[in-house]
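Okay, structure first, notes after.
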Ligand code: SAH
Ligand code: SF4
Ligand code: F3S
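In the numbering used here, the protein residues as written are 1206 to 1652.
What follows is the structure, given as structure tokens:
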């Protein structure tokens, strides 16, 4: 019997990369690899990279440098770069870091087994095409027999919005949706393997318009409705959304579909109309605020999260104050905020930049406000009863950790039989990043 080669994938960036890594591992497992958690004993190391901010991209080169001794120790080791840095830099990576054997962009993953074989044969293998075919259909592979209770499922990829700061339209290509039947088939397969919660992924997931059974386009709300009918699928989430694609039927789904969880990540980036325009976001701060009102009218307890960029070119103190004002009005439950990072090839990179110390100062002020809001949202849960899906053992004996309907981490004393199941939990205490609660059921065993 020949020994299987070992595969180690390190994933950076967004959840779509997490999903892609999983699918790449499945495809390479079918090609004879077994997964390993440690790079030391791997025969193929893949870095699935992110290009969204400068720091994210630089990490890749420093990680590659760290892999040098592994290659010296194992002459059979092949090193590959996948993801958005692979797409953005392509052959540049092979030139800058000779220990790389393989570079594959996000739309070419179905060609990975073939690229791997070429790299094995001693070639430098590079593929950063945007092929016509659907990579996920052709990726194939051997799905893991059993898996945890939650899973990602990519339903939409790419972006046509071209926000002035963003590399995604260049690294992921044009917007495309997977057909409804494919998504449902994959979702059923996940549920058969123990999944009870699916998060639908897309760079602009709410722009989803996949082909339905009769060939017509189905909206994200339509897809969610179909998924909700799958027996055993108890929770549905989706991310990331653009404000302009928050269609009426999707807002209504938050009121009507019990499986659709009360959490929405809806980035706005800035609260200044001038900056929103310069960013090419195609909406005003007021449009966003009215939208949040309508979503809250449909689902009053929904927890809103978002993304912000501070120090975008041209941002004045008054623009930044407008962002703080918008944040105060929305009252977020959770948020991600970043200093603007000029990305090569994007329009905003060419403009006059805000000084680094101004960006840093604004970021810390914004983060202090967002942190206070998150803590208030955590505190507001105390005394309430929520569903918790238990995912793993907690730090203390007899304790499990799960996620609430609102995606907050919750620690509960509960028997291991609850793992992978949803229980009603009364929240008893709140910390900035997690909650504590007790089972709101008569026995500590699931029924
Ligand atoms: N499609 C999503 C966001 C994808 S990128 C959307 O439209 O909201 C995730 C987040 O990274 C963005 O929301 C933005 O806040 C941040 N980001 C993107 N490009 C950036 C840049 N050049 N500098 C700093 N942050 C950036
Ligand atoms: Fe980037 Fe804008 Fe597209 Fe989001 S909508 S992926 S921020 S270009
Ligand atoms: Fe990063 Fe690419 Fe995702 S740039 S955020 S890995 S789409």
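Glycine residues also receive a C-beta, built at the ideal position from the N, C-alpha and C atoms.
*From the DSSP output, which residues share a beta bridge with residue 1592?*
Indexing the chain shown from 1 puts residue 1592 at position 387. Partner(s): 1629.
*With DSSP collapsed to three states, give me the class of residue 1403.*
On the chain shown, position 198 is the one that residue 1403 refers to. The answer is strand: DSSP assigns residue 1403 an E or B state.
_Under DSSP, the beta strand (DSSP E) around residue 1253 begins and ends at which residues?_
Against the chain shown, residue 1253 aligns to sequence position 48. Residues 1249-1254.
_C-alpha distance - residue 1364 paired with residue 1487, whole-angstrom precision_ = Position 159 of the chain shown, counted from the first residue, corresponds to residue 1364. Position 282 of the chain shown, counted from the first residue, corresponds to residue 1487. When rounded, the distance between both Cα atoms is 14 Å.
*If you compare alpha carbons, which of 1546, 1565, 1566 is closest to residue 1557?*
One-based indexing of the chain shown puts residue 1557 at position 352. When each option's Cα is compared against that of residue 1557, the closest is 1546.
*Start and end of the alpha helix (DSSP H) containing residue 1501?*
As a first step, residue 1501 must be located in the chain shown, where it is residue number 296. It spans 1490-1503 - the alpha helix (DSSP H) in which residue 1501 sits, taken as one unbroken run.
*Whole runs of the beta strand (DSSP E) within the region 1389-1465, excluding any shorter than 3 residues*: For the region 1389-1465, whole beta strand (DSSP E) runs of length 3 or above, ordered along the chain, are 1402-1406, 1414-1416, 1422-1424, 1440-1444.
*What residues match up with residue 1359 in a beta bridge as DSSP calls it?*
The sequence position of residue 1359 within the chain shown is 154, counting from 1. 1406.
_Span of the alpha helix (DSSP H) around residue 1220_ = Here the question's residue 1220 lines up with position 15 in the chain shown. Taken as a continuous stretch (DSSP letters only), the alpha helix (DSSP H) holding residue 1220 covers 1220-1235.
*Runs of alpha helix (DSSP H) lying entirely within the region 1291-1349, each at least 4 residues, in chain order*: 1296-1301, 1317-1325, 1340-1344
*Output yes or no for whether 9 Å exceeds the beta carbon distance between residue 1358 and residue 1391.*
Counting from 1 along the chain shown, the entry for residue 1358 is found at position 153. Counting from 1 along the chain shown, the entry for residue 1391 is found at position 186. Contact flag set, yes.
*Going by Cα to Cα distance, which pick from 1304, 1320, 1275, 1263 is closest to residue 1293?*
Position 88 of the chain shown, counted from the first residue, corresponds to residue 1293. Of the listed residues, the one whose Cα sits closest to residue 1293 is 1263.
*Within 10 angstroms of the Cβ of residue 1412, are there 16 or more other Cβ atoms? Answer buried if so, exposed if not.*
Here the question's residue 1412 lines up with position 207 in the chain shown. Under this definition residue 1412 is a buried residue.
*Kindly give me the distance between the Cβ atoms of residue 1230 and residue 1240, rounded to whole angstroms, as I take these residues to be in contact under 8 Å.*
Numbered from its first residue, the chain shown carries residue 1230 at position 25. Numbered from its first residue, the chain shown carries residue 1240 at position 35. Rounded, the Cβ-Cβ distance is 6 Å, consistent with contact.
*Uninterrupted beta strand (DSSP E) stretches inside the region 1530-1571 (no shorter than 3 residues)*: Taken in chain order, the complete beta strand (DSSP E) segments of 3 residues or longer contained in the region 1530-1571 are 1539-1544.
*Using a threshold of 8 Å, is the CB atom of residue 1373 nearer than that to any non-hydrogen atom of the ligand GDP?*
With respect to the ligand GDP, the structure offers nothing, as its ligand set consists of the ligand SAH, the ligand SF4 and the ligand F3S.
*Among residues of its own chain, excluding the 5 on either side of residue 1206, which ones have a beta-carbon nearer than 8 Å to its beta-carbon?*
The residue labelled residue 1206 in the question sits at position 1 within the chain shown. Only weak support is given to the placement of residue 1206: the predicted model assigns it a pLDDT of 42, under 50, and the value that follows is read from those uncertain coordinates. No residues qualify anywhere along the chain.
*Member of 1289, 1279, 1500 whose CA lies at the smallest distance from the CA of residue 1304*: For the purposes of this step, residue 1304 is identified with residue 99 of the chain shown, where counting begins at 1. Nearest of 1289, 1279, 1500 to residue 1304, Cα basis: 1279.
*Pull up the distance between the alpha-carbon of residue 1466 and that of residue 1580, whole angstroms please.*
By 1-based counting over the chain shown, the position of residue 1466 is 261. By 1-based counting over the chain shown, the position of residue 1580 is 375. Going from the Cα of residue 1466 to the Cα of residue 1580 covers about 20 Å.
*DSSP three-state call for residue 1475: helix, strand or coil?*
For this step, residue 1475 is matched to residue 270 along the chain shown. Note: residue 1475 maps to coil in three-state DSSP.
*Does the ligand SAH have a heavy atom nearer than 8 Å to the CB of residue 1553?*
Here residue 1553 is taken as the residue at index 348 of the chain shown, counted from 1. Checking every heavy atom of the ligand SAH against the Cβ of residue 1553, one is found closer than 8 Å.
*Would you give the residue range spanned by the beta strand (DSSP E) that residue 1515 belongs to?*
Residue mapping note: residue 1515 aligns to position 310 of the chain shown, counting from 1. Element bounds for residue 1515: 1508-1515.
_Could you give the first and the last residue of the continuous beta strand (DSSP E) run that contains residue 1285?_
Sequence index remark: in the chain shown, residue 1285 carries index 80 (1-based). Residue 1285 -> beta strand (DSSP E) spans 1283-1287.
*Whose C-beta lies closer than 6 Å to the C-beta of residue 1641 among residues of the same chain, with five residues either side of it excluded?*
As a first step, residue 1641 must be located in the chain shown, where it is residue number 436. The residues are 1616, 1633, 1634.
*Is the region 1305-1324 touching the region 1279-1288 in the sense that three or more CB pairs, one from each, lie closer than 8 Å?*
yes
_Is residue 1370 near the ligand SF4 - that is, is its Cβ less than 8 Å away from at least one heavy atom of it?_
On the chain shown, residue 1370 is found 165 positions in, with the first residue counted as 1. Residue 1370 Cβ: within cutoff of the ligand SF4.
_Does the contact criterion of 3 or more C-beta pairs under 8 Å hold for the region 1567-1584 versus the region 1467-1484?_
no
*Would you say residue 1472 touches the ligand SAH, meaning its beta carbon is less than 8 Å from a heavy atom?*
Translated into positions along the chain shown, residue 1472 becomes position 267. True, at least one ligand heavy atom lies under 8 Å from that Cβ.
_residue 1189 (DSSP reduced to helix, strand or coil)_ = The question about residue 1189 has no answer, for the chain in this structure spans 1206 to 1652.
*Leaving aside the five residues before and after residue 1645 along the sequence, list all residues of the same chain whose C-beta is less than 8 Å from its C-beta, in chain order.*
In the chain shown, the residue the question calls residue 1645 occupies position 440. Contacts found: 1590, 1628, 1629, 1630, 1631.
*How would you call residue 1643, buried or exposed, if buried means at least 16 neighbouring beta carbons within 10 angstroms?*
Here the question's residue 1643 lines up with position 438 in the chain shown. Residue 1643 should be labelled exposed.
_6 Å CB neighbourhood of residue 1334 in its chain, flanking five on each side removed_ = Residue numbering aside, residue 1334 sits at position 129 when the chain shown is read from its first letter. Sequence-distant partners of residue 1334 (beyond 5 residues in either direction) whose C-beta falls short of 6 Å from its own C-beta, in its chain, are 1313.
_Cβ-based burial, residue 1243 [other Cβ within 10 Å; buried from 16]_ = To locate residue 1243, count along the chain shown from 1; it is residue 38. Residue 1243 should be labelled exposed.
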